[in-house]
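Heads up: the protein sequence lines correspond to chains X and P, in order. The numbering of the first sequence is the numbering used here, which starts it at 1 and goes up by one. The numbering of the second sequence is the numbering used here, which starts it at 244 and goes up by one. Everything on this sheet refers to the single structure shown next.
Number of protein chains: 2
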Amino acid sequence: MVPYCTIPAVMESVVKDECSLGVVPIENSIEGPVGITLDSLAHKYDLKIFKEIIIPINQNLIVNPGCKLEDIKEVYSHAQALAQCRDFVNKHNFQQHYAVSTARAAKDIIGDNSKAAIGNRKIVELYGLEILKSNIQDMDNNETRFVVLSKKCHKRTGRDKTSIIFSIYEDKPGGLYRILGIFEKNNINLTKIESRPSKKGLGKYLFFVDFNGHMDDEIIQNILKEIEENTYYLKVLGSYPEF
Amino acid sequence: MVPYCTIPAVMESVVKDECSLGVVPIENSIEGPVGITLDSLAHKYDLKIFKEIIIPINQNLIVNPGCKLEDIKEVYSHAQALAQCRDFVNKHNFQQHYAVSTARAAKDIIGDNSKAAIGNRKIVELYGLEILKSNIQDMDNNETRFVVLSKKCHKRTGRDKTSIIFSIYEDKPGGLYRILGIFEKNNINLTKIESRPSKKGLGKYLFFVDFNGHMDDEIIQNILKEIEENTYYLKVLGSYPEF
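Now the structure itself:
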């Protein structure tokens, strides 16, 4: 395993054959899509989704040993983690500071009892800190979906998903409706639909859609062909076993 | 005009009649939706969209007077602004630091020539700094859409938009397709569609949809009635003049 500092750096390592697989977060059930992952897959790197992994996320209030809740005035964490704990942070009226990572946040609070960090258990061991409160995220069902990226596609298993990105002609109203109709008439279930600015101005979107089936299936091949005829951009991110 | 520190605080000020109108960002053409605005409108505050405002955004590299590009090692800004300037920041290999606001970032760099901030022109005057490079955002078409929130709705002008939030029954495939079909058969154009996690687990979404027309129009009233019958949650955020 090789750690990289940023999501694009992980993708680049696979493109350059430094790593055979790259693991990046793609969406969180509370905070939504991970913009940089979707944008990099859409605009920059030609990689396939080889696998998906779903991991439950627990956020903890991390403090210096012996520190009490009433000592804390400020809280440090990555923007995503702070966003996942909005209710908790607001309830305690902590002043918020953004850090580039939760690990960096933990490092920033060492030795100062007026400061706490938010992050996972691993960080605690890393820096000799302790957990004052666990599971402080707003909702219990906090999960992050990661994708494993590769240069090659996964073979058909019979229980697969396919991910695509497309954009529709702007001058034709009902474009998205027509694309969804292609899935509907073939009785193929969408498991995800996400819109994302195409970066060509407000109101112009890319759509990220996941659906059941493998691109080696005849029915999926026909669907992809029909979508291609009705969009001006289509990118197939790959087919992979459902988690 | 009264400034508030956070987006929910702006909304709260309108709810509590401290202000008659509140202005908050709702989407950016490069970075996408402003999660906290959508979530607060969906789950927390019962406010109407009274107006929309679209403002072009220019990001600048802000430095201490006399500082040169080769002096800079670190760059400070809000996560949204840093994300809008990803290519520029990566090209120069600056170490990134997140700040709670672009104004705070500017304050953090005062007196240190190895540090720069990213933000708009106003900040420069505020702290006696200067712009080293202007328009450093990744794309030229960087615009942010703001909404003006109120307790009451705007009257019909004849050139209006309506915003709604809905979620569909999970056990019925093709739910979104059926809702879009209601607009299609009435020949009403969608100007925006955005999916957002419903916070009830991965794969469960709220949809934020904007379309042409005012909720006082008979055709829009019929559409809303039909949508209500086919969704388990529908919230009308209001009708307002198109920008």
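Cβ coordinates follow ideal geometry from the N, Cα and C atoms, glycine included. Just so we're clear, the structure is a prediction, and the values are computed from it rather than from any experiment.
Check, Outcome
"Along the chain, where does the alpha helix (DSSP H) that runs through X/Phe88 open and close?", "Arg86 to Lys91"
"Under a three-way DSSP split, which group does X/Lys73 fall into?", "coil"
"Chain X partners of P/Tyr420, CB-CB under 8 Å?", "Tyr177, Leu180, Gly181, Phe183 and Glu184"
"Could you give the distance in angstroms between the alpha-carbon of X/Ala106 and the alpha-carbon of X/Lys161?", "37 Å"
"Do you know how far the Cα of X/Leu82 is from the Cα of X/Val89?", "8 Å"
"So, for X/Leu21: in the same chain, excluding its five sequence neighbours on each side, which residues have a beta-carbon less than 6 Å away from its beta-carbon?", "Val148 and Ser150"
"Across which residues does DSSP place P/Tyr448 in a beta bridge pair?", "P/Pro440"
"Identify the contact partners of X/Arg196 in chain P, using a Cβ-Cβ distance below 7 Å as the criterion.", "Gly275"
"Between X/Ala9 and P/Gln380, what straight-line distance do the alpha-carbon atoms span, to the nearest angstrom?", "20 Å"
"By the criterion of Cβ-Cβ separation under 7 Å, what are the contact partners of P/Gly456 in chain X?", "Simply none; closest approach about 13 Å."
"Under 7 Å between beta-carbons, which chain X residues line up against P/Gln339? List them in chain order, please.", "Val100"
"Taking the alpha-carbon positions, what's the P/Phe293 to P/Met458 distance?", "13 Å"
"Secondary structure at X/Thr37, three-state DSSP: helix, strand or coil?", "helix"
"Closer than 6 Å by C-beta to X/Asp210: which residues in its own chain qualify, once you throw out the five before and the five after it? Chain order, please.", "Lys161, Ser163, Thr191 and Lys192"
"Please report whether the beta-carbon of X/Asn141 lies at a distance below 8 Å from any beta-carbon of chain P.", "yes"
"For P/Glu295, which three-state DSSP category applies?", "strand"
"Where in the segment 88–134 of chain X do unbroken runs of the beta strand (DSSP E), each at least 3 residues long, occur, reported from the N-terminal end onward?", "95–98, 115–119 and 130–133"
"Specify whether the segment 109–118 of chain X and the segment 301–312 of chain P touch according to this definition: at least 3 beta carbon pairs, one from each stretch, less than 8 Å apart.", "no"
"Within 10 angstroms of the Cβ of X/Met1, are there 16 or more other Cβ atoms? Answer buried if so, exposed if not.", "exposed"
"Do X/Phe166 and X/Tyr233 have their C-beta atoms closer together than 8 Å?", "yes"
"Kindly say whether X/Ser150, judged by its beta-carbon, lies nearer than 8 Å to any beta-carbon of chain P.", "no"
"Across the segment 91–111 of chain X and the segment 73–82 of chain X, are there enough close Cβ pairs to call them in contact, namely three or more that are closer than 8 Å?", "yes"
"Given a threshold of 16 other Cβ atoms within 10 Å of its Cβ, counted over all protein chains shown, does P/Asp330 qualify as buried or as exposed?", "exposed"
"So, is X/Met11 buried or exposed, given that buried needs 16 or more other C-beta atoms within 10 angstroms?", "buried"
"Give the DSSP-derived three-state secondary structure of P/Phe426 in the structure shown.", "helix"
"Inspect the beta-carbon positions of X/Glu242 and X/Arg159 and report whether they are closer than 8 Å.", "yes"
"Whose Cβ in chain P lies nearer than 7 Å to the Cβ of X/Lys200?", "Asn384"
"I'd like to check one pair, X/Tyr177 with P/Leu423: are the Cβ atoms closer than 8 Å?", "yes"
"Examine chain P for any beta-carbon lying closer than 8 Å to the beta-carbon of X/Gly35, and answer yes or no.", "yes"
"Can you give me the Cβ contacts of X/Ile54 inside the same chain, cut-off strictly under 7 Å, excluding the 5 residues immediately before and after it?", "Glu143, Arg145 and Phe243"
"On the DSSP bridge assignment, give the partners of X/Ser150 in chain order.", "X/Lys48"
"Over the uninterrupted beta strand (DSSP E) stretch that includes P/Asn271, give me the two end residues.", "Gly265 to Asn271"
"Report the CB separation of X/Arg121 from X/Asn60 in whole angstroms; it is logged as a contact under 8 Å.", "7 Å"
"Helix, strand or coil for X/Val2, going by three-state DSSP, please let me know.", "coil"
"Which residues in chain P sit within 8 Å of X/Gly22, going by Cβ to Cβ distance?", "Ordered by position in chain P, no residue passes the 8 Å Cβ test against X/Gly22, which lies about 18 Å from the chain."
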